[in-house]
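Residue numbers (the numbering used here): 450 to 1155.
#1: Can you name the start and end residues of the beta strand (DSSP E) that residue 1032 belongs to?
#2: Buried or exposed for residue 1137, going by 16 or more other Cβ atoms inside 10 Å?
#3: Determine, using beta carbons only, whether residue 1169 and residue 703 come nearer to each other than 8 angstroms.
#4: Since I believe residue 1098 is in contact with residue 1156 (beta carbons under 8 angstroms), could you give me their beta-carbon distance rounded to a whole number of angstroms?
#5: So what does DSSP say about residue 625, is it helix, strand or coil?
#6: Quick check: what's the CA-CA separation for residue 756 versus residue 603?
#7: Is the region 617-626 touching the region 644-659 in the sense that three or more CB pairs, one from each, lie closer than 8 angstroms?
#8: My assumption, with CB atoms under 8 angstroms, is that residue 1121 sits in contact with residue 1064. Please give the rounded CB distance.
#9: Return the chain-ordered ranges of every alpha helix (DSSP H) run that is complete within the region 952-986 and spans a minimum of 4 residues.
#10: In chain order, what residues of the same chain lie with their CB nearer than 8 angstroms to the CB of residue 849, ignoring the 5 residues before and after it?
#11: Assuming residue 1106 and residue 1026 form a contact by the criterion Cβ under 8 angstroms, report the distance between their Cβ atoms to the nearest whole angstrom.
#12: Quick check: residue 589 and residue 545, are their CB atoms within less than 8 angstroms of each other?
#13: I need the DSSP call for residue 932, collapsed to helix, strand or coil.
#14: In chain order, what residues of the same chain have a beta carbon less than 6 angstroms from the beta carbon of residue 1144, not counting five sequence neighbours either side?
#15: Do the CB positions of residue 766 and residue 732 come within less than 8 angstroms of each other?
#16: Residue ranges of each beta strand (DSSP E) run of no fewer than 3 residues wholly in the region 571-639, ordered along the chain?
#17: Please report the Cβ distance between residue 506 and residue 539, rounded to the nearest whole angstrom; I am assuming they are in contact, meaning their Cβ atoms lie under 8 angstroms.
#18: For the beta strand (DSSP E) holding residue 1135, just list the boundary residues, first then last.
#19: Restricting to Cα atoms, I'd like to know which of 464, 521, 1146, 1141 is closest to residue 833.
#20: Residue range of the beta strand (DSSP E) that residue 1023 falls in?
#21: In whole angstroms, give me the CA-to-CA distance for residue 1046 and residue 1018.
#22: With distances taken Cα to Cα, identify the nearest neighbour of residue 531 among 1043, 549, 1131, 636.
#23: So, is residue 1156 buried or exposed, given that buried needs 16 or more other C-beta atoms within 10 angstroms?
#24: Could you have a look at residue 1175 and say whether DSSP puts it in helix, strand or coil?
#25: Taking just the CA atoms, how far does residue 868 sit from residue 645?
#26: Mapping DSSP to helix, strand and coil, what is residue 1107?
#27: Rounding to the nearest angstrom, what Cα-Cα distance links residue 418 and residue 793 in this structure?
#28: At the level of alpha carbons, what is the spacing between residue 587 and residue 524?
#29: What span of residues does the alpha helix (DSSP H) with residue 819 cover, start to end?
#30: Could you give the C-beta distance for residue 518 and residue 493, rounded to a whole number, given that I count them as a contact under 8 angstroms?
#31: Considering only the beta carbon of each residue, do residue 895 and residue 853 sit closer than 8 angstroms?
#32: Restricting to Cα atoms, I'd like to know which of 716, 861, 690, 682 is closest to residue 661.
#33: Hey, quick one: how far does the beta strand (DSSP E) through residue 460 stretch, first residue to last?
#34: By alpha-carbon positions, which one of 610, 917, 749 ends up nearest to residue 639?
#35: Grab me the residues of residue 921's own chain with a C-beta within less than 7 angstroms of its C-beta, minus the 5 sequence neighbours each way, in chain order.
#36: Measure the Cβ-Cβ separation of residue 965 and residue 936 and say whether it is below 8 angstroms.
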């Protein structure tokens, strides 16, 4: 009766049945009684009580009972107690060894599991299919190919490769090592014994190693073979579709999931669909699915926060995070911090970010490499380079991740030489650079005008480190060459590229054409941009600005009309300042702020003072065909000036100001901010869409090169 209850999942009835049995005087439990009962325990208190009964009846050291006790304690994260029972057992069979090795795995003690495996083999006990299926995932988790390959050899030697569990575990292990050729070979040799898990394992292998086309191919093959997908198949499929940017297929997957009500039944599937839509940029669809998940877990919230943050909607990401904090049953984890910190960095919300740093410190995640890297990025992007460097020196630096973050931080602050020195320090520390390292380096060279050095690193990445440049690297090189005035060189570089140029490449050329006033090449770049990315209003704005600078108002109207016909609207310029636990946002020409009158009055006083220092408004940065007095009024109402005046009014004299602007700082505002920093004796730190500008004593850290 006890065994039947357990087999059918009626665990409470099983325990009641045992209690009834123990209350009788005629019948006593034997060693057949305790294994199913221990499996039925819902908590460790029940488990300990039953352990006491087994001990009292002298059945504790029966091999089946002892193995069940090991299983039970491991299930409730008490692997230490389980291991003491295991060590004290007078006799251990294969099941006992497997139970303890599996228990260590369940409790995250992978190293101890492998040590126990070595001990088992030293005692002359051979691995069976269960041992292998348990141990191979540990090798994958630890990245331990030294243990993994001999186990595969053992499998072949003992003819165990036909066991479906063993083969599936081998596919997963090779996938984690990135050895897709070996994973494919194992799968191909499984012609007779393949099951749904085998197909899922291979599809996931290609998806996790960024080969989504092959993942989709094997999904189609699986369907042709009559294997019906399950929830895990669709999770891998959703991720693969997000990687291929297939908008048509994403609807098909969502429809398939809806017909089976999987979003309501399993939170994992709902999370996968949320993530898929977010990665495709369909954030409104992502939010709709998120709202329909009935019981959200921490991954649901993390996926939505990340989706908003990666689509440039930092405020919405923070809003979701604040909603998450109101849920009593949800605790933020590593994924939460890694998702929300970039959102704070994007908005320059230093105070909120610092508060989050405190939470991270409380839960002892401050030395986690991904969390600490996000914190380095936060402080770097909020203008606190010293704090970013302090954190960098505290965290483990065995991987390229923290190095990439600090190199990038110095790059956007215009400290190109420091970025290059950090790269050399990284190589001296034995850390291998990756494609992100070289992106950060090339961007740093671009911001500092280090053209020769940038060329050197571009060639070095492939010749010395075997990293093939992707479009982002080519975009950085075009930006480097064109920003330094080599527009024709940059154009020739694009023509000789082995890859089809994308929006990042042509966009870099167009931006430089605006800076250097090359109308002809700007038109050519914009024509290409309108083909590869016709929905991006920014390119229409830049081209119209180039025409406006030369007074070509007919062409300006043509470009603006073209954008209007496509239903595109210009992104309004805004600047923000974080004061007194509140982020104040100012739009260009803002008249609605409570301190509006005082702000414009302060700007009038500041403008009068800087004119005595020789300031003359530069009307080329006014992109409307209006009279000069109106042009000066337009320049005065630029969002960064409103934020600076607000900061001056609401902070102590000579204290630094930190301003964040969503667009590039215009040349006139750049000159004005230099002069304001001089007359107010303040350091004014401005982060625009490209980089940081540190204004102090009438000088900018960019050296007027941006």
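In this text, a Cβ means the ideal position worked out from N, Cα and C, and glycines have one as well. Because the structure is a prediction, the values reported are computed rather than measured.
If we stick to the structure as given:
#1: Residue 1032 sits at position 583 when you count from the first residue of the chain shown. Its beta strand (DSSP E) spans residues 1031-1036.
#2: In the chain shown, counting from the first residue as 1, residue 1137 sits at position 688. Burial call: buried.
#3: Given a span of 450 to 1155 for the chain in the structure shown, any question on residue 1169 remains unanswerable.
#4: Only positions 450 to 1155 of the chain appear in this structure, which leaves residue 1156 out of reach.
#5: Here the question's residue 625 lines up with position 176 in the chain shown. In this structure, residue 625 counts as helix in the three-state DSSP scheme.
#6: Within the chain shown, residue 756 is the residue found at index 307, counting from 1. Within the chain shown, residue 603 is the residue found at index 154, counting from 1. Cα-Cα distance, rounded: 44 angstroms.
#7: The region 644-659 is in contact with the region 617-626.
#8: Residue numbering aside, residue 1121 sits at position 672 when the chain shown is read from its first letter. Residue numbering aside, residue 1064 sits at position 615 when the chain shown is read from its first letter. Between residue 1064 and residue 1121 the Cβ distance is about 7 angstroms, and since that is below 8 angstroms, they are a contact.
#9: 952-965, 968-981
#10: The sequence position of residue 849 within the chain shown is 400, counting from 1. Closer than 8 angstroms at Cβ, skipping near neighbours: 875, 880, 881, 882, 883, 885, 886.
#11: Here the question's residue 1106 lines up with position 657 in the chain shown. Here the question's residue 1026 lines up with position 577 in the chain shown. With 8 angstroms as the limit, residue 1106 and residue 1026 qualify as a contact, their Cβ atoms being about 7 angstroms apart.
#12: Numbered from 1 along the chain shown, position 140 holds the residue referred to as residue 589. Numbered from 1 along the chain shown, position 96 holds the residue referred to as residue 545. The answer is no: Cβ separation not under 8 angstroms.
#13: The residue given as residue 932 occupies position 483 in the chain shown. Residue 932: helix per DSSP, three-state reduction.
#14: In the chain shown, residue 1144 corresponds to position 695, counting from 1. 1122, 1123, 1126, 1133, listed in sequence order.
#15: Counted from its first residue, the chain shown places residue 766 at position 317. Counted from its first residue, the chain shown places residue 732 at position 283. When the beta-carbon positions are compared, residue 766 and residue 732 stay at least 8 angstroms from each other.
#16: none
#17: As a first step, residue 506 must be located in the chain shown, where it is residue number 57. As a first step, residue 539 must be located in the chain shown, where it is residue number 90. Not confirmed; about 17 angstroms, so no contact.
#18: The residue labelled residue 1135 in the question sits at position 686 within the chain shown. Its beta strand (DSSP E) spans residues 1133-1136.
#19: Within the chain shown, the letter at position 384 stands for residue 833. For the residues 464, 521, 1146, 1141, the minimum Cα distance to residue 833 belongs to 1141.
#20: For the purposes of this step, residue 1023 is identified with residue 574 of the chain shown, where counting begins at 1. 1023-1028 is the extent of the beta strand (DSSP E) around residue 1023.
#21: Taking the chain shown and counting its residues from 1, one reaches residue 1046 at position 597. Taking the chain shown and counting its residues from 1, one reaches residue 1018 at position 569. Roughly 29 angstroms separates the two Cα atoms.
#22: Position 82 of the chain shown, counted from the first residue, corresponds to residue 531. When only C-alpha atoms are compared, the closest one is 549.
#23: Absent from the structure is residue 1156, since the part of the chain shown begins at 450 and ends at 1155.
#24: An answer regarding residue 1175 cannot be provided, because it is not within the stretch 450 to 1155 covered by the chain.
#25: On the chain shown, residue 645 is found 196 positions in, with the first residue counted as 1. On the chain shown, residue 868 is found 419 positions in, with the first residue counted as 1. Cα-Cα distance, rounded: 49 angstroms.
#26: Start at 1 with the first residue of the chain shown, and residue 1107 comes out as number 658. Of the three classes helix, strand and coil, the one that applies to residue 1107 here is strand, per DSSP.
#27: Any answer about residue 418 is impossible in this case: the structure gives the chain only from 450 up to 1155.
#28: If you number the chain shown from 1, residue 587 lands on position 138. If you number the chain shown from 1, residue 524 lands on position 75. Answer to the nearest angstrom: the Cα atoms are 17 angstroms apart.
#29: For this step, residue 819 is matched to residue 370 along the chain shown. Residues 818-830.
#30: The residue given as residue 518 occupies position 69 in the chain shown. The residue given as residue 493 occupies position 44 in the chain shown. Not quite, the Cβ-Cβ distance comes to about 12 angstroms (not below 8 angstroms), so this is no contact.
#31: By one-based count along the chain shown, residue 895 stands at place 446. By one-based count along the chain shown, residue 853 stands at place 404. No, they are not a contact pair.
#32: For this step, residue 661 is matched to residue 212 along the chain shown. Residue 690 is the option with its Cα nearest to residue 661.
#33: Counted from its first residue, the chain shown places residue 460 at position 11. Where residue 460 is concerned, there is no enclosing beta strand (DSSP E), although the alpha helix (DSSP H) it sits in stretches over 460-472.
#34: As a position in the chain shown, residue 639 is number 190, starting the count at 1. Answer by Cα proximity: 610.
#35: As a first step, residue 921 must be located in the chain shown, where it is residue number 472. The residues are 888, 953.
#36: Your numbering for residue 965 matches position 516 in the chain shown. Your numbering for residue 936 matches position 487 in the chain shown. Yes, the pair counts as a contact, with Cβ atoms nearer than the cut-off.
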